[in-house]
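Residue numbers (the UniProt record's numbering): 1 to 378.
This is the structure:
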């Protein structure tokens with residue numbers, strides 16, 4: 001902690017103890033515990049010694065000035081220009097990566113117009129920037145409730161040697177900030193524990209030093225499930241719903257959302273396939289594009305809210321085209337998951353993240369969160 005910034009992640013783990021010899025005193029057991037990993041960011045800037053005080057001041061100011069609808073729309077508007085360049089490049093990439101195009105023989109393949117646009121937030125690479133991972137000892141404490149999470153906080157601090165003396169606890173409570181991440185259930189439990197302890201005697205017991213961003217895996221899953229719910233359609237009805245696409249692709253088990261098994265992996269892969277197929281179809285429709293400005297027409301006229309309004313303004317609405325426009329408009333932010341997706345996803349925990357990034361976290365801490373987010377979903 002005193003040398004490099006680091007963050008900690010933990011989650012429940014199920015370990016099966018199987019017995020193959022038939023004895024009375026040997027039974028198969030299913031162990032329910034918790035595993036923890038510490039991630040060390042050697043390339044990140046060291047947090048100042050005043051970061052804890054800065055965090056409390058920013059939190060106080062943020063509570064007095066929460067984000068409103070206008071602020072969120074303003075954030076979205078400011079990010080549109082950055083995301084548009086990545087959207088246009090994605091549409092171009094669908095054409096360049098198609099089987100009938102051999103980019104190696106294209107004389108202008110090194111032209112800047114077809115190169116990937118600058119990243120929104122690029123992680124540095126190289127041996128000196130590798131994220132180090134250290135596993136803590138797995139413990140026989142199930143992450144089942146608030147009491148268990150309180151015990152886990154003490155356990156991880158003990159394994160890290162951060163609870164040895166009252167003086168060390170005082171230093172943590174007054175001078176340091178720790179970033180603990182996990183799935184959304186873990187984050188909610190940690191935040192609620194801090195609320196329950198809001199009137200405790202000192203900052204260490206109040207968990208003023210603990211900050212938890214949203215669970216990024218659950219954010220991605222919630223986004224995919226939202227697209228599934230809005231565009232599933234019916235397998236028997238005429239249209240371009242996801243159900244008909246699942247049937248055409250032979251993808252089974254995707255009709256209903258699930259939280260267990262490979263459902264999210266299969267849905268994520270299938271959404272990319274469907275989106276690519278529909279954009280290739282738009283290439284055939286538009287055709288003859290001579291510059292990147294024409295590529296923007298594919299987005300603005302066939303994959304945006306503006307295109308949806310234009311289609312509905314016609315005397316005879318093309319319902320199949322309307323379904324395609326709505327799906328492509330919604331799936332593009334999902335595909336561009338590593339750009340400015342946050343304003344598009346107005347879930348409760350995303351509002352909390354926006355509030356933190358724009359109101360309650362010091363700039364030094366925002367950088368740590370963004371690095372961990374990009375690293376987590378990359």
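We treat Cβ as the ideally placed atom computed from N, Cα and C, and that holds for glycine.
- Just so you know, the alpha carbons of residue 225 and residue 104 end up roughly 38 Å apart.
- DSSP places residue 38 inside the beta strand (DSSP E), whose first and last residues are 29-40.
- In the displayed model, residue 61 falls within a helix according to three-state DSSP.
- Within the region 178-233, the runs of alpha helix (DSSP H) that reach at least 4 residues and sit entirely inside it are, in chain order, 184-196 and 216-231.
- Here DSSP, grouped into helix, strand and coil, assigns residue 172 to helix.
- Between the alpha carbons of residue 149 and residue 143 lies a distance of about 6 Å.
- Boundaries of the alpha helix (DSSP H) around residue 146: 146-159.
- Counting along the chain, the unbroken alpha helix (DSSP H) around residue 323 starts and ends at 319-335.
- Apart from sequence neighbours up to five positions away, the residues of its chain that approach residue 109 with a beta-carbon distance below 6 Å are 103, ordered along the chain.
- Contact holds between the region 78-97 and the region 111-122, because three or more Cβ pairs, one in each stretch, are under 8 Å apart.
- As a beta-bridge residue in DSSP terms, residue 13 pairs with 33.
- Residue 96: member of the alpha helix (DSSP H) spanning 69-96, first to last residue.
- Below 8 Å, too few C-beta pairs join the region 307-316 and the region 117-129 to call them touching: fewer than three.
- Pairing residue 15 with residue 220, the inter-Cα distance amounts to about 26 Å.
- In this structure residue 40 does not touch residue 179 by the C-beta definition: roughly 12 Å separates them, more than the 8 Å allowed.
- Within the model, the alpha-carbon separation for residue 6 versus residue 297 is close to 44 Å.
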